[in-house]
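> Per mature numbering (1 follows the signal peptide of the UniProt record, and there is no 0): the sequence shown = residues -23 to -1, 1 to 455. We put the beta carbon where it would ideally sit given N, CA and C, even for glycine.
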Amino acid sequence: MKKVNKFLAALPVIFITSLSAISCTNKSNKIDIDNNNNNNNNGVNKPDNNHKKPDSQNNPVEDFKDLDSLKTEIDFQHYNFYKEKDPITAWSSLKNDTETISKSIFEGNIELKNKYRLEVDSNINPSFDQENGVINNVSIKFIKTISSNSQSVTKKFTFKGFKGKENNFVNNKNDYLIQKELDENLKGIFPSMMAYMLLYFENVNEYEKLQASGNVINFEELKNVNHNLFKDKFGGFSVGTKELLFDYKDGLEKLYKNKITQASFDDINGILKLSVDIQNSDNSSREPSIVKEFTFKGFRKANFKNPEQNVISVFLTQSDFREIIENTNIEKIIKNIVEKSNNTDNNISVENNSHFNEFLTKQIKREVLKKLKVTIIDNEHSIYNSTQTLAIQNQKNGNKRSILGLNGNMSLYPFNTQITSDSIKEIYLNYEKENKKLKIEFNLEIPFYSTPLSDLRSHAVSLEKKILLKITSQYTLN
């Protein structure tokens, strides 16, 4: 025994520490620690000359011991949306549904749920047991919500309770929907408007929450036939609009039902994508639900070579320009600049002139946006047609209907875009001394979007491309 003690005493401190670390690791329940402040184990082989005892900061496993009690096998049998789907189909939705994953893993443990934020580790692909309805090797990252250095730990889970092959009978859902050739009238519609309207009719109450209030063009204005916004040959939007996109295979239309759950639009290239959930119409059937994606090309796309040919035309009337002059300090500033200038014409950049400070510049932009009017001209497809002059911005006392019918200064009609006072660029004021004419000239930026597949209830874009509309107006000063 004395020889053993002498032998241990002769061992380097680092060797004993390493043995301790190995022992600790063997009890860690296969937890992988991720720490943003990890220094890649620099100096692991260097002896600790200070002989400090390890504290909680040097032993991160201790920080996550409260997760050891969690079950690693999670059952999704109680979620009808998931239990009716095979593992691969279920995972396509579940991997983005961290709320359901969190609820299932923490099982009502509010303290842990508040302490950790969950993420699916997309770098590690799970494996799918289609036979038994199981998803194996699911990597979930637990990130401390109150940690200053983003400490996290990754744990492996098994998800079960999905539709297995042993429960499958003949399933013809893949053949149920037949994609149609795009109707000629639909080719004149921007895919963004089509995407929103299709989703709206699938869940009216939820999408009404996206609407702006006031005298605006929103879902309500676009449903059914509206000859104030479209030409007679366009049949409008309704619950049956998706019938223009799909046929049903004979004999299957009564067996299944479908619902469009996600959409993606690309107004830049005229493309619409739809994600359709296909389920059994009879609850007694045990066939698993499936999700199919469809891509429709040939919708209307933005014209970047000729920006004025994008259906929307914007202008500022002379009387509206006069009101802008009266509501701001433009006239006084212009005359002050002109008095000090010998030029016959004075072309002044509002955004790059010291006489127009930031506050006044923003005020002018806001006033201009309030006054902008819109006409809808569709010479190419003759689908869009506004019988009345519209406005960009909604005014409480205005009699012109605003095109910004969605929250966040966004539009549905004639396509999905966003316009704010910041969309007004390069404002120039030109004053002619001889006839006292004041002319305003500026550009209006209008973006066209391409979006990822989603329910479109939040604004996310994968690509944005803008057109510039040049707008001018003039007024004779006193």
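State the CB to CB distance for the pair Val288 and Ile353, rounded to an integer number of angstroms; the pair is presumed to be in contact (CB under 8 Å).
6 Å
> Looking at the unbroken beta strand (DSSP E) that takes in Lys416, where does it start and where does it end?
If you look at Lys416, you'll find it in the beta strand (DSSP E) that goes 414 to 427.
> Terminal residues of the continuous alpha helix (DSSP H) containing Lys90?
Where Lys90 is concerned, the enclosing alpha helix (DSSP H) stretches over 87 to 92.
> For Lys442, does the three-state DSSP call read helix, strand or coil?
strand
> Using only CA atoms, which one of Ser388, Ala368, Thr131, Ile155 lies nearest to Lys42?
Thr131
> Is the number of C-beta pairs between the stretch 107 to 122 and the stretch 63 to 76 that are closer than 8 Å three or more?
yes
> Along the chain, where does the beta strand (DSSP E) that runs through Thr113 open and close?
Correcting the residue type first, residue 113 is Asn in the shown sequence and not Thr. Here the beta strand (DSSP E) through Asn113 covers 111 to 121.
> What are the partner residues of Ile289, as DSSP defines its beta bridges?
Ile353
> So residue 470 and Phe392 are supposed to be a Cβ contact under 8 Å. How far apart are they, rounded?
No information on residue 470 is available, as it lies outside the stretch -23 to 455 that the chain covers here.
> Just to confirm my understanding: we take Tyr361, look at its own chain, exclude 5 residues before and 5 after, and list those with CB closer than 6 Å. What are they?
Residues of the same chain with a CB within less than 6 Å of the CB of Tyr361, apart from the 5 flanking positions on each side, are Val288, Ile353, Asp355, Pro391 in chain order.
> Helix, strand or coil: how does DSSP classify Ile301 here?
helix
> Is Ala240 buried or exposed, if buried means 16 or more other CB atoms sit within 10 Å of its CB?
By the 10 Å Cβ count, Ala240 comes out buried.
> Starting from Ile404, follow its DSSP beta bridges and name the residues at the other end.
According to DSSP, which records beta bridges pairwise, Ile404 is partnered with nothing at all.
> Please state whether the Cβ-Cβ distance between Lys413 and Phe425 is less than 8 Å.
no
> Distance check for Val253 and Asp259, CA to CA, integer angstroms please.
18 Å
> Give every residue of the same chain whose Cβ lies closer than 8 Å to the Cβ of Phe207, excluding the five residues on either side of it in the sequence, and list them in chain order.
Gly213, Ile360, Tyr361, Asn362
> If I measure Cβ to Cβ from Leu176 and keep anything under 7 Å in the same chain, skipping five residues before and after, which residues do I get?
Counting only Cβ-Cβ distances below 7 Å, and skipping sequence neighbours, we find Tyr184, Ile237, Ala240, Asp432, Leu433.
> Which of the three DSSP states, helix, strand or coil, is assigned to Tyr233?
strand
> Cβ atoms of Ile301 and Val345: under 8 Å apart, would you say?
For the pair Val345 and Ile301, the CB atoms are nearer than the 8 Å cut-off.
> Considering only residues of the same chain and omitting the five flanking positions on each side of Asn323, which have a CB-CB separation below 6 Å?
Val315, Tyr408
> Put Tyr153 into one of helix, strand or coil per three-state DSSP.
Helix at Tyr153.
> Roughly how many angstroms lie between the CA atoms of Thr364 and Ile194, to the nearest whole one?
13 Å
> Excluding five sequence neighbours on each side, which residues of the same chain lie with their C-beta closer than 8 Å to the C-beta of Gly375?
Once the five neighbours on either side are set aside, the close Cβ partners of Gly375 are Asn192, Ala368.
> Return yes when the Cβ of Leu454 is within less than 8 Å of the Cβ of Lys250, no when it is not.
no
> Whole angstroms are fine: how far does the CA of Lys234 sit from the CA of Pro103?
30 Å
> Counting Cβ pairs closer than 8 Å, one from the stretch 215 to 222 and one from the stretch 414 to 424, do we hit at least three?
no
> Between the beta-carbon of Glu422 and the beta-carbon of Lys402, is there less than 8 Å?
Their beta carbons are under 8 Å apart, which means Glu422 touches Lys402 by this criterion.
> Who are the Cβ neighbours of Leu199 in its own chain at under 8 Å, not counting the five residues just before and after it?
Met170, Met174, Leu206, Gly213, Phe214, Leu389, Tyr390
> Indicate whether Leu381 and Ala189 have their beta-carbon atoms separated by less than 8 Å.
For the 8 Å CB-CB criterion, Leu381 and Ala189 form a contact.
> Can you pull the DSSP bridge partners for Lys274?
Note: Lys274 sits in a beta bridge opposite Ile248.
> Is Ile248 near Pro168, with beta carbons less than 8 Å apart?
Yes.
> Specify, as a first and last residue, the run of the alpha helix (DSSP H) that Ser81 falls within.
75 to 83
> In whole angstroms, what separates the C-alpha of Gly385 from that of Thr397?
9 Å
> In whole angstroms, what separates the C-alpha of residue 524 from that of Lys377?
Here the chain covers residues -23 to 455 and nothing more, so residue 524 does not appear.
> Output needed for Val97: all residues of its chain with C-beta closer than 6 Å, excluding positions within five of it in sequence on either side, in chain order.
Lys72
> Between the alpha carbons of Asn201 and Thr294, how many angstroms are there, rounded?
33 Å
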